[in-house]
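Chemist:
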Amino acid sequence: GAGVSQSPRYKVAKRGQDVALRCDPISGHVSLFWYQQALGQGPEFLTYFQNEAQLDKSGLPSDRFFAERPEGSVSTLKIQRTQKEDSAVYLCASTLGTPYTEAFFGQGTRLTVV
Amino acid sequence: SQQGEEDPQALSIQEGENATMNCSYKTSINNLQWYRQNSGRGLVHLILIRSNEREKHSGRLRVTLDTSKKSSSLLITASRAADTASYFCATDNQAGTALIFGKGTTLSVSS
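Those protein sequences? They're chains A and B, same order as listed.
When we follow the working numbering, the leftmost residue of the first sequence carries the number 1379, and every step to the right adds one.
When we follow the working numbering, the leftmost residue of the second sequence carries the number 130, and every step to the right adds one.
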């Protein structure tokens, strides 16, 4: 595709529900990142993939958060037993090579936990 | 945790004026990037400056980098209403596995 695509754009979940957020990076991009952005804040790093390998998951806030990229392209961020504090915009970004190059961002998924 | 800190947090100017935003970071870096985010949208890359560069230009944007002070500045000249957005600096983390963003500067340009 032309850019990074995320789905759904909006998700409302009841507390305790599991959710899955999808990211389609730009074709051929090696690196993929997930970020969490609270209102009025900068994006907070969650996790990083290089192809299918998850090289850094130090930003995942709890073991309820899980991310995968099994074939080195599409990635899914899963949040189990959602809590109200999980409400945020989840951004996905990809880069052609290493993390040191220009990152292309998707529009994000706005998750609201009620 | 966030590597970069932008200053000021908010900036309001008139069209035609210049806007300067600053970013400070904590550890050594390979490069520093600036991004713009319009309300409710994803981030858009503006410019990248490498650690061995001191200044870079792109259109109305001018970025400086002072690695001895661990700081960078973004200057937008002749601002327009369309420049209204949040601006973030981003650096790689020590492990080289992520881009870490600051909290951003919210710029408001009024006509």
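Cβ atoms here follow ideal geometry from the backbone N, Cα and C, with glycine treated the same way.
Can you tell me where the beta strand (DSSP E) holding Glu134 (chain B) begins and where it ends?
Modeler: Mapped onto the second sequence, residue 134 (chain B) falls at position 5. Glu134 to Asp136 is the extent of the beta strand (DSSP E) around Glu134 (chain B).
Chemist: Can you give the Cα-Cα distance for Gly1475 (chain A) and Arg165 (chain B), rounded to whole angstroms?
Modeler: For this step, residue 1475 (chain A) is matched to residue 97 along the first sequence. For this step, residue 165 (chain B) is matched to residue 36 along the second sequence. Approximately 21 Å between the Cα atoms of the pair.
Chemist: Give me the residue from A:Ser1451, A:Val1390 and A:Leu1455 with the minimum Cα distance to Arg1442 (chain A).
Modeler: Within the first sequence, residue 1442 (chain A) is the residue found at index 64, counting from 1. Nearest option by C-alpha distance: A:Leu1455.
Chemist: The beta strand (DSSP E) with Leu1438 (chain A) in it runs from where to where?
Modeler: As a working note, residue 1438 (chain A) is residue 60 in the first sequence. Where Leu1438 (chain A) is concerned, there is no enclosing beta strand (DSSP E), given that its DSSP letter is neither H nor E.
Chemist: Quick one: list the residues of chain A neighbouring Asp136 (chain B), beta-carbon separation under 9 Å, in chain order.
Modeler: Within the second sequence, the letter at position 7 stands for residue 136 (chain B). Chain A residues near Asp136 (chain B): none, gap ~13 Å exceeds 9 Å.
Chemist: If you measure beta-carbon to beta-carbon, which residues of the segment 202 to 233 of chain B are closer than 7 Å to chain A?
Modeler: So the list reads Phe217, Asp221, Ala224, Gly225, Thr226, Ala227, Leu228, Ile229, Phe230, Gly231, Lys232 and Gly233, given in the order they occur along the chain.
Chemist: Is there contact between the segment 223 to 236 of chain B and the segment 1413 to 1430 of chain A, where contact requires at least three CB pairs shorter than 8 Å?
Modeler: Result yes; three or more Cβ-Cβ pairs closer than 8 Å.
Chemist: Below 8 Å on the Cβ atoms is my contact criterion, and I expect Val1382 (chain A) with Gly1484 (chain A) to pass it. Report the Cβ-Cβ distance as a whole number of Å.
Modeler: Reading the first sequence from its first residue, position 4 is the one you call residue 1382 (chain A). Reading the first sequence from its first residue, position 106 is the one you call residue 1484 (chain A). About 4 Å; that satisfies the 8 Å criterion.
Chemist: Could you tell me the alpha carbon to alpha carbon distance between Arg1400 (chain A) and Gln1384 (chain A), rounded to whole angstroms?
Modeler: Position 22 of the first sequence, counted from the first residue, corresponds to residue 1400 (chain A). Position 6 of the first sequence, counted from the first residue, corresponds to residue 1384 (chain A). Arg1400 (chain A) and Gln1384 (chain A): Cα-Cα distance of roughly 6 Å.
Chemist: Please report the Cβ distance between Met150 (chain B) and Leu140 (chain B), rounded to the nearest whole angstrom; I am assuming they are in contact, meaning their Cβ atoms lie under 8 Å.
Modeler: Position 21 of the second sequence, counted from the start, is the residue given in the question as residue 150 (chain B). Position 11 of the second sequence, counted from the start, is the residue given in the question as residue 140 (chain B). About 7 Å; that satisfies the 8 Å criterion.
Chemist: Rounded to the nearest angstrom, how far is the Cβ of Leu1489 (chain A) from that of Ala1391 (chain A), given a contact under 8 Å?
Modeler: Locating residue 1489 (chain A) in the first sequence gives position 111, counting from the first residue. Locating residue 1391 (chain A) in the first sequence gives position 13, counting from the first residue. Confirmed, about 7 Å.
Chemist: Less than 9 Å between the beta carbons of Leu190 (chain B) and Leu177 (chain B), yes or no?
Modeler: One-based indexing of the second sequence puts residue 190 (chain B) at position 61. One-based indexing of the second sequence puts residue 177 (chain B) at position 48. For Leu190 (chain B) and Leu177 (chain B), no; Cβs fall outside 9 Å.
Chemist: Let me make sure I understand the geometry here. Which of A:Glu1430, A:Glu1422, A:Arg1387 and A:Val1491 has the alpha-carbon closest to that of Glu134 (chain B)?
Modeler: In the second sequence, counting from the first residue as 1, residue 134 (chain B) sits at position 5. Nearest option by C-alpha distance: A:Glu1422.
Chemist: Quick one: grab the DSSP three-state call for Lys1456 (chain A).
Modeler: Numbered from its first residue, the first sequence carries residue 1456 (chain A) at position 78. Looking at Lys1456 (chain A) - three-state DSSP - the assignment turns out to be strand.
Chemist: Please list, in chain order, the chain B residues whose beta carbon lies closer than 7 Å to that of Gly1486 (chain A).
Modeler: Numbered from 1 along the first sequence, position 108 holds the residue referred to as residue 1486 (chain A). Within 7 Å Cβ-Cβ: Gly171.
Chemist: Taking the straight line between their C-alpha atoms, what separation do you get for Asp195 (chain B) and Glu1446 (chain A)?
Modeler: The sequence position of residue 195 (chain B) within the second sequence is 66, counting from 1. The sequence position of residue 1446 (chain A) within the first sequence is 68, counting from 1. Computed Cα separation, rounded: 38 Å.
Chemist: Please decide whether Asn159 (chain B) counts as near chain A, where near means a Cβ-Cβ distance under 9 Å.
Modeler: Numbered from 1 along the second sequence, position 30 holds the residue referred to as residue 159 (chain B). True, the Cβ-Cβ gap to chain A drops below 9 Å.
Chemist: Quick check: does the Cβ of Glu1449 (chain A) come within less than 8 Å of any heavy atom belonging to the ligand NAP?
Modeler: Annotation note on the ligand NAP: not contained in the displayed structure, which lists no ligands.
Chemist: Where does Val1491 (chain A) land, buried or exposed, given buried means 16+ other C-beta within 10 angstroms?
Modeler: Residue numbering aside, residue 1491 (chain A) sits at position 113 when the first sequence is read from its first letter. So Val1491 (chain A) counts as buried.
Chemist: Would you please verify whether the beta carbon of Leu1489 (chain A) is less than 9 Å from any beta carbon of chain B?
Modeler: Position 111 of the first sequence, counting from 1, holds the residue named residue 1489 (chain A). No, because no Cβ of chain B sits closer than 9 Å to the Cβ of Leu1489 (chain A).
Chemist: If contacts are defined as beta-carbon pairs under 8 Å, then Tyr1426 (chain A) and Ser1409 (chain A) qualify, I think. What distance do you get, rounded to the angstrom?
Modeler: Within the first sequence, residue 1426 (chain A) is the residue found at index 48, counting from 1. Within the first sequence, residue 1409 (chain A) is the residue found at index 31, counting from 1. Correct: roughly 7 Å between the Cβ atoms.
Chemist: I need the DSSP call for Lys1389 (chain A), collapsed to helix, strand or coil.
Modeler: Taking the first sequence and counting its residues from 1, one reaches residue 1389 (chain A) at position 11. In this structure, Lys1389 (chain A) counts as strand in the three-state DSSP scheme.
Chemist: I'd like the span of the beta strand (DSSP E) that includes Lys1462 (chain A), first residue to last.
Modeler: Position 84 of the first sequence, counted from the first residue, corresponds to residue 1462 (chain A). Unbroken run through Lys1462 (chain A): none, as it is neither H nor E.
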